[in-house]
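Chemist: Read top to bottom, the protein sequences are chains S and X.
17 is the number of the first residue of the first sequence in my numbering; add one for each residue after it.
17 is the number of the first residue of the second sequence in my numbering; add one for each residue after it.
Idealized CB from N, CA, C, for every residue including glycine.
Being a predicted model, the structure only gives us computed values, none of them experimental.
Take this structure, written in structure tokens, and hold onto it; I'll ask about it next.
Number of protein chains: 2
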Amino acid sequence: MLEKGYSNAGIQEILNRADVPKGSFYYYFDSKQEFALAIVNHFDEAYTAKVLKCLREQSRQFSPLQRLRAFCQCNKNSLEASQCRNGCLIGNLSQEMADQSEILRRRLEEIMGHWRDLFAACIEEGQQIGEIKNNYRPDEIAELFLSGWEGAVMRAKSTKTLEPIDVFMRVMFEQVLKAQPPQSFDAVAPQTVSQQV
Amino acid sequence: MLEKGYSNAGIQEILNRADVPKGSFYYYFDSKQEFALAIVNHFDEAYTAKVLKCLREQSRQFSPLQRLRAFCQCNKNSLEASQCRNGCLIGNLSQEMADQSEILRRRLEEIMGHWRDLFAACIEEGQQIGEIKNNYRPDEIAELFLSGWEGAVMRAKSTKTLEPIDVFMRVMFEQVLKAQPPQSFDAVAPQTVSQQV
Numbered sequence: 017m018l019e020k021g022y023s024n025a026g027i028q029e030i031l032n033r034a035d036v037p038k039g040s041f042y043y044y045f046d047s048k049q050e051f052a053l054a055i056v057n058h059f060d061e062a063y064t065a066k067v068l069k070c071l072r073e074q075s076r077q078f079s080p081l082q083r084l085r086a087f088c089q090c091n092k093n094s095l096e097a098s099q100c101r102n103g104c105l106i107g108n109l110s111q112e113m114a115d116q117s118e119i120l121r122r123r124l125e126e127i128m129g130h131w132r133d134l135f136a137a138c139i140e141e142g143q144q145i146g147e148i149k150n151n152y153r154p155d156e157i158a159e160l161f162l163s164g165w166e167g168a169v170m171r172a173k174s175t176k177t178l179e180p181i182d183v184f185m186r187v188m189f190e191q192v193l194k195a196q197p198p199q200s201f202d203a204v205a206p207q208t209v210s211q212q213v
Numbered sequence: 017m018l019e020k021g022y023s024n025a026g027i028q029e030i031l032n033r034a035d036v037p038k039g040s041f042y043y044y045f046d047s048k049q050e051f052a053l054a055i056v057n058h059f060d061e062a063y064t065a066k067v068l069k070c071l072r073e074q075s076r077q078f079s080p081l082q083r084l085r086a087f088c089q090c091n092k093n094s095l096e097a098s099q100c101r102n103g104c105l106i107g108n109l110s111q112e113m114a115d116q117s118e119i120l121r122r123r124l125e126e127i128m129g130h131w132r133d134l135f136a137a138c139i140e141e142g143q144q145i146g147e148i149k150n151n152y153r154p155d156e157i158a159e160l161f162l163s164g165w166e167g168a169v170m171r172a173k174s175t176k177t178l179e180p181i182d183v184f185m186r187v188m189f190e191q192v193l194k195a196q197p198p199q200s201f202d203a204v205a206p207q208t209v210s211q212q213v
């Protein structure tokens with residue numbers, strides 16, 4: 017389903033690959049939608065653990081910005097390893113199914129909303145210690161971080177290059193997230209300022 | 017196909033809705049992929065005209081930043097009118113088909129690449145007149161603008177709200193694109209600087 021999408025992944029094809037008889041499938045799942053929900057939940061469990069590992073577990077060792085960057089780098093490595101194929105299951109299914117199944121849309125949105133909250137908590141922490149700019153609310157920056165990331169992954173799939181990911185990371189971290197260190201008065205000549213801002 | 021995606025839009029269903037016999041379909045198209053390419057080309061023609069209208073035609077009346085904003089506003093209005101359904105055909109099919117059909121992927125990437133070039137030309141113009149920051153190359157900012165936009169549209173479909181679009185527009189224009197006017201030396205106290213950057 018990650019590879020082919022919801023509609024294009026036939027139940028029979030999946031059963032053949034898994035070498036499972038059809039009766040067993042319908043013993044466990046009422047419909048393809050039920051099956052997709054189970055896949056999504058399974059993916060969510062594994063992936064959210066990965067997000068948590070990047071954003072929370074390493075909080076003693078790394079700063080909020082470093083942890084957000086670790087999230088990007090870790091996913092960039094996966095994309096590179098798969099030659100920019102597949103992308104993000106939750107993003108793919110959201111794009112494909114948001115208007116086809118309200119049940120799937122709600123569950124997918126719940127999962128993405130949870131990721132956004134995890135980003136927001138990390139961003140808020142960064143704002144509190146002055147590492148991340150505080151001109152927007154944490155949940156706003158988190159929404160942009162999430163949607164920008166998903167868009168960059170889609171473009172990476174589409175161009176089959178990592179360039180969209182690299183541009184996202186560069187501009188997002190340098191321009192949107194990172195607070196500038198306070199400067200001494202001497203360093204602030206008007207020309208310098210207009211270059212920085 | 018915009019509504020349901022490639023795999024989920026059955027040829028028979030399309031023929032029924034259009035009240036066209038199957039023979040006619042195969043007289044014009046060898047396969048569903050051929051048909052999808054024709055749809056994509058048709059969409060491209062209409063949509064690129066819309067992009068050009070926002071970004072180029074109005075260049076005497078409006079500045080580059082205003083024209084980029086007009087592009088967003090015009091598409092935001094369409095999303096609002098459709099209650100955040102459907103989104104962008106090229107984005108949807110890229111997400112769904114990039115790993116399924118190399119022929120479709122290439123064509124979709126060509127179309128998006130063209131949009132990116134149109135954004136880049138507008139951004140370069142803005143950099144030349146000092147309206148847009150020049151700390152990144154126009155094609156880099158254009159890639160981020162495109163992928164960020166596509167991601168925000170996907171999130172709008174998924175959340176069924178325009179919030180992701182609003183956040184994208186606010187942060188993209190205020191933080192990434194808009195150059196700050198040069199300031200007089202008097203106005204630049206250290207506190208002011210650290211708030212702005």
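Are the stretch 102 to 114 of chain X and the stretch 39 to 48 of chain X touching by the rule of at least three beta carbon pairs closer than 8 Å?
Modeler: no
Chemist: Check the C-beta distance from X/V192 over to S/V169 and give it rounded, since I have them as a contact under 8 Å.
Modeler: Counting from 1 along the second sequence, the entry for residue 192 of chain X is found at position 176. Counting from 1 along the first sequence, the entry for residue 169 of chain S is found at position 153. No, X/V192 and S/V169 are not in contact; Cβ-Cβ is about 19 Å, not under 8 Å.
Chemist: Does X/R121 get closer than 8 Å to chain S when you measure Cβ to Cβ?
Modeler: The residue labelled residue 121 of chain X in the question sits at position 105 within the second sequence. With 8 Å as the cut-off, X/R121 counts as an interface residue toward chain S.
Chemist: If we count the other Cβ atoms within 10 Å of its Cβ and call it buried at 16 or more, is S/S23 buried or exposed?
Modeler: As a first step, residue 23 of chain S must be located in the first sequence, where it is residue number 7. Buried, by the Cβ-count rule.
Chemist: Is X/K173 close to chain S? Criterion is C-beta to C-beta, closer than 8 Å.
Modeler: Here residue 173 of chain X is taken as the residue at index 157 of the second sequence, counted from 1. Any Cβ of chain S closer than 8 Å to the Cβ of X/K173 would place that residue at the interface, and such an atom is present.
Chemist: Straight-line CA distance for S/A137 to S/P154?
Modeler: In the first sequence, the residue the question calls residue 137 of chain S occupies position 121. In the first sequence, the residue the question calls residue 154 of chain S occupies position 138. Between S/A137 and S/P154, the C-alpha separation is close to 7 Å.
Chemist: With 8 Å set as the bound, which would you pick, yes or no: does the beta-carbon of X/L160 sit closer than that to a beta-carbon of chain S?
Modeler: Taking the second sequence and counting its residues from 1, the one referred to as residue 160 of chain X is at position 144. Yes, because at least one Cβ of chain S sits closer than 8 Å to the Cβ of X/L160.
Chemist: So S/S23 contacts chain X; which residues on that side make the cut at Cβ distance below 7 Å?
Modeler: Position 7 of the first sequence, counted from the first residue, corresponds to residue 23 of chain S. Going along chain X in sequence order, the residues near S/S23 (Cβ under 7 Å) are G21, S23, N24.
Chemist: Within the 8 Å Cβ cut-off, does S/S163 reach chain X?
Modeler: Here residue 163 of chain S corresponds to residue number 147 of the first sequence, with the count starting at 1. At least one chain X Cβ lies under 8 Å of S/S163.
Chemist: May I have the straight-line CA-CA distance separating S/L109 from X/Q196, to the nearest angstrom?
Modeler: If you number the first sequence from 1, residue 109 of chain S lands on position 93. If you number the second sequence from 1, residue 196 of chain X lands on position 180. Answer to the nearest angstrom: the Cα atoms are 40 Å apart.
Chemist: Output, in chain order, the set of chain S residues within a Cβ distance shorter than 7 Å of X/F184.
Modeler: Within the second sequence, residue 184 of chain X is the residue found at index 168, counting from 1. Per Cβ cutoff of 7 Å: L160, S163.
Chemist: Considering only the alpha carbon of each residue, which of X/L124, X/K20, X/C70, X/G21 lies closest to X/V56?
Modeler: As a position in the second sequence, residue 56 of chain X is number 40, starting the count at 1. For the residues X/L124, X/K20, X/C70, X/G21, the minimum Cα distance to X/V56 belongs to X/L124.
Chemist: So X/I181 and X/K92 are supposed to be a Cβ contact under 8 Å. How far apart are they, rounded?
Modeler: Translated into positions along the second sequence, residue 181 of chain X becomes position 165. Translated into positions along the second sequence, residue 92 of chain X becomes position 76. About 5 Å; that satisfies the 8 Å criterion.
Chemist: Let me confirm a value: S/E159 is counted as buried when at least 16 other C-beta atoms fall within 10 Å, else exposed. Which label applies?
Modeler: Taking the first sequence and counting its residues from 1, one reaches residue 159 of chain S at position 143. Counting Cβ neighbours within 10 Å, S/E159 comes out buried, since at least 16 surround it.
Chemist: What three-state label does DSSP hand S/I148 in the structure shown?
Modeler: Position 132 of the first sequence holds residue 148 of chain S. Of the three classes helix, strand and coil, the one that applies to S/I148 here is strand, per DSSP.
Chemist: Under 8 Å Cβ-Cβ, which residues of chain S neighbour X/E179?
Modeler: Within the second sequence, the letter at position 163 stands for residue 179 of chain X. Ordered by position in chain S, the residues that pass the 8 Å Cβ test against X/E179 are E159.
Chemist: Can you check whether the CB of X/L120 is closer than 8 Å to the CB of X/M17?
Modeler: Counting from 1 along the second sequence, the entry for residue 17 of chain X is found at position 1. Counting from 1 along the second sequence, the entry for residue 120 of chain X is found at position 104. Against a cut-off of 8 Å, the Cβ pair of X/L120 and X/M17 comes out as no contact.
Chemist: Taking the continuous alpha helix (DSSP H) assigned at X/D115, which residues delimit it?
Modeler: Within the second sequence, residue 115 of chain X is the residue found at index 99, counting from 1. Counting along the chain, X/D115 sits inside no alpha helix (DSSP H), nor does DSSP assign it H or E at all.
Chemist: Would a check of beta-carbon distances place S/Y72 closer than 8 Å to chain X?
Modeler: Within the first sequence, residue 72 of chain S is the residue found at index 56, counting from 1. The sequence given here has Arg at residue 72 of chain S, not Tyr. For S/R72, the answer is no, since every Cβ of chain X falls outside 8 Å of its Cβ.
Chemist: From which residue to which residue does the alpha helix (DSSP H) around X/K69 run?
Modeler: Stepping through the second sequence from its first residue, residue 69 of chain X is reached at position 53. For X/K69, the enclosing alpha helix (DSSP H) begins and ends at 48 to 71.
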